[in-house]
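Right, one structure below, let's go through it.
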Amino acid sequence: MQLDQLDRLIIGVLLEDGRATFAQIGDQVGLSAPAVKRRVDRLVSSGAITGFTVRVDPAVVGWSTEGYVEIYCRGSTTPGEILKAVDKHPEVVSASTVTGEADAILHILAADIRHFEQVVERIASEPFMVRTKSELVLSPLVRREQGSLPS
1 MQLDQLDRLI IGVLLEDGRA TFAQIGDQVG LSAPAVKRRV DRLVSSGAIT GFTVRVDPAV
61 VGWSTEGYVE IYCRGSTTPG EILKAVDKHP EVVSASTVTG EADAILHILA ADIRHFEQVV
121 ERIASEPFMV RTKSELVLSP LVRREQGSLP S
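So the sequence shown is numbered by the UniProt record's numbering: it starts at 1 and just counts up by one.
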């Protein structure tokens, strides 16, 4: 699907406030509420918008330790095998295969250092895992929502 400028503006408003009404979105982008609804429905049905969610401050819910873990796997471990292993850990908020020496990198949120260590230990115990390398976040400098559009 090709997005036009109005689609991008609508998505931008929804990224800022996923609970905005069609009328509120329309006020910001210069369309009527029914026109916004038609466009949002089209964006959803085409897969451009994949869902609506809530953002929670991890510290407020008690997960104040954040880190990244590089994982190194045996031989021909597939991305599907990695996904199956890490997807069962709710502390893993994102996982991606990467270039370079590591096979994948995980973004983990935990309650504290011990909790972070336990998560890494559980992941490292997977039969295909060779080793892990962890980095803890001291201060996040830039946070952009996944799916945000550059201006």
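Note that beta-carbon positions come from the ideal geometry of N, C-alpha and C, so glycine has one too.
- Around the CB of residue 110, 16 or more other CB atoms lie within 10 Å, so the residue is classed as buried.
- Here residue 97 has 79 and 104 as same chain residues with Cβ atoms under 6 Å from its own Cβ, once five neighbours each way along the sequence are excluded.
- Spatial neighbours of residue 112 in its own chain (CB-CB distance under 8 Å, excluding positions within 5 residues in sequence) are listed in chain order as 64 and 65.
- Annotation: residue 36 is outside any beta strand (DSSP E); the continuous alpha helix (DSSP H) that includes it extends over 33–45.
- Per DSSP, the continuous beta strand (DSSP E) segment holding residue 69 begins and ends at 65–73.
- Counting only runs of at least 3 residues, the stretch 109–146 fully encloses the following beta strand (DSSP E) elements, listed from N- to C-terminal order: 129–136.
- Annotation for residue 91: 108, 109, 110 and 119 place their beta carbon closer than 7 Å to its own, counting only its chain and skipping 5 residues before and after.
- Assignment of residue 49 by DSSP, reduced to helix, strand and coil, places it in the coil class.
- Sequence-distant partners of residue 14 (beyond 5 residues in either direction) whose C-beta falls short of 8 Å from its own C-beta, in its chain, are 20, 25, 40, 49 and 52.
- The DSSP-derived three-state label of residue 20 is coil.
- Beta bridge pairing from DSSP links residue 106 with 69 and 95.
- Secondary structure at residue 8: helix, using DSSP grouped into helix, strand and coil.
- Nearest to residue 28 by alpha-carbon distance, out of 44, 43 and 7, is 7.
- Boundaries cannot be given for residue 101, as no alpha helix (DSSP H) includes it and DSSP labels it neither H nor E.
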